[in-house]
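Visitor: The opening position of the sequence shown corresponds to residue 1 in full-length UniProt numbering, with each subsequent residue numbered one higher.
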Amino acid sequence: MLADYGAADGRNALLPLGAAIKVIRRRTRHEHAVLVAHTDAPHNDFTDLFSTLADDPDSYLHTDSASFPAAIGRSFYGQILPSKSVTLGWTSWATMWLSRAAAELPEIPDHVQIAYSADDTARAAYARQAAQDWHDFVAFRGRELCPGGRLTVLTMAVGADGEFGYRPLFDAIAAALGDQVRDGLLGAEEARRMTIPIFARSEKDFRAPFAPTDRFEGCSIEQLEIFEADDPFWADYAADNDAAAFGARWAAFTRLSAFPILAAALDGGPADPRATSSPRTWRPASRRGWPANPSRCRSRWRWWCWSSAAARPDPGYGSPAGTGSAADPRRSAARRAGGGAARAGDSAGPGGPAGAAGQCGGAELPDR
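Now the structure itself:
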């Protein structure tokens, strides 16, 4: 079985999964069935996922008739697949989303993004939640991977300077929300609630669950790479010098990825009439002021690619919950974070630009 964790509409995983299935076909009969489990939180639109699998020319369904997709609507911050069942796991642009909604986290009084807030209390709370979420994610994937299985993660990261990118975008959103409060389109309390609960981790954060033995829940890190990527829309602007189109592309990205989260903070929630009002009334925040000086709005960000291998289980690995095994993910998560497994909330939203996954290479499939 292959697993796509935090699938969203499925597009980010099509090329990696297709490549993995081709490798499998070099080792198995063509009629040997391959199950592909696409997972996401219950509120994900799985209709979009299955439309992608049916219609996208890169879908593995067009090249392999013995591959069978399935969808699971549960948070990946708990166990969602049978133990020792996953040969290859893939996740992209999902693990930076925290398990708790913005309304359940401390308010960020001075920004929409915790990375650019000066509030130490809020930053510490987000860091604790991110540490617990990553610990739980790795723990339960260790339970699900079969011996010799592999997991590859592509997500946001921060470098040594503490930056993860997107600063021009997030600053523009924060400034536009302030404008709308002054214009009477938003209440001050609504604007304070509008935060985007993503967290970019450092290399130290990623390695933390594996310390001090470099192993955790039967897994070890095979490869870890942090690299910087350029603005995916900047090349288009450099070619056509169309500043308005540059702003519009980022506005469209923001509407898709951030607008539903911001709209949930309205007094009327997603059903609030302002959430469906015309763009003239509810202007795309990322377009604010960008055509005037695109060079100031060029975004760069850090991505992180991580590959983990599940070796032969350690003694006690995979023991039933409640037996007292130190390797039980729920118990180790509780010891580490002071609570049980985190609640649902891992929906991915849009990923990075097309083709980004190819920069990570690929985890070698286990010889099974």
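Cβ atoms here follow ideal geometry from the backbone N, Cα and C, with glycine treated the same way.
Keep in mind it's a predicted model, so treat the numbers as computed, not measured.
1. Counting only the same chain and skipping the five closest in sequence on each side, list residues whose C-beta sits under 6 angstroms from that of R287.
2. Mind checking which residues open and close the beta strand (DSSP E) that includes Q223?
3. Would you check if the distance between the CB atom of R74 and the CB atom of T39 is smaller than 8 angstroms?
4. Could you give the C-beta distance for T254 and L169, rounded to a whole number, given that I count them as a contact under 8 angstroms?
5. Please report the Cβ distance between A265 and A102, rounded to the nearest whole angstrom; I am assuming they are in contact, meaning their Cβ atoms lie under 8 angstroms.
6. Please state whether the Cβ-Cβ distance between L88 and Y60 is less than 8 angstroms.
7. Since T47 is in the beta strand (DSSP E), which residue starts that stretch and which ends it?
8. If you follow the alpha helix (DSSP H) that W93 is part of, which residue opens it and which one closes it?
9. With distances taken Cα to Cα, identify the nearest neighbour of G162 among H30, L14, K204.
10. Could you compute how far the alpha carbon of S308 sits from the alpha carbon of S83?
11. Is A200 closer than 8 angstroms to V158 when the C-beta atoms are compared?
12. Opposite T152 in the DSSP bridges: which residues?
13. Beta carbon of I198, beta carbon of V112: below 8 angstroms?
14. Going by beta carbon distance, what residues of the same chain come within less than 6 angstroms of P106, once the five residues before and after it are set aside?
15. Leaving out five residues on either side along the sequence, give the residues of the same chain with a beta carbon under 6 angstroms from the beta carbon of L80.
16. So what does DSSP say about I198, is it helix, strand or coil?
17. Provide the residue span of the beta strand (DSSP E) that contains A70, from first to last.
18. Could you tell me which residues DSSP puts in a beta bridge with L186?
19. Going by other Cβ atoms of all chains shown within 10 Å of its Cβ, with 16 needed for buried, is Q129 buried or exposed?
20. So the candidates are D64, D55, D171; which of them puts its Cα closest to the Cα of K22?
21. My understanding is that L14 touches D56, with C-beta atoms under 8 angstroms, so please give their C-beta distance in whole angstroms.
Guide: Looking at the coordinates:
1. Legend: pLDDT at R287 = 46, less than 50; position of this residue unreliable, value from coordinates given subsequently. Same-chain partners within the cutoff: G247, A251.
2. 219 to 229
3. yes
4. 7 angstroms
5. 7 angstroms
6. no
7. T47 -> not in any beta strand (DSSP E); alpha helix (DSSP H) instead, spanning 46 to 55.
8. Boundaries cannot be given for W93, as no alpha helix (DSSP H) includes it and DSSP labels it neither H nor E.
9. K204
10. 16 angstroms
11. Taking 8 angstroms as the cut-off, the Cβ atoms of V158 and A200 count as close.
12. W90, S307
13. no
14. Contacts found: A122, A125.
15. Note that residue 80 is Ile in the sequence shown, not Leu. Correct list, in chain order: T39, I72, R74.
16. strand
17. 67 to 73
18. Bridge partners of L186: none, in fact.
19. Here Q129 is buried, its C-beta having at least 16 other C-beta atoms within 10 Å.
20. Considering only D64, D55, D171, the residue with the shortest C-alpha distance to K22 is D64.
21. With 8 angstroms as the limit, L14 and D56 qualify as a contact, their Cβ atoms being about 6 angstroms apart.
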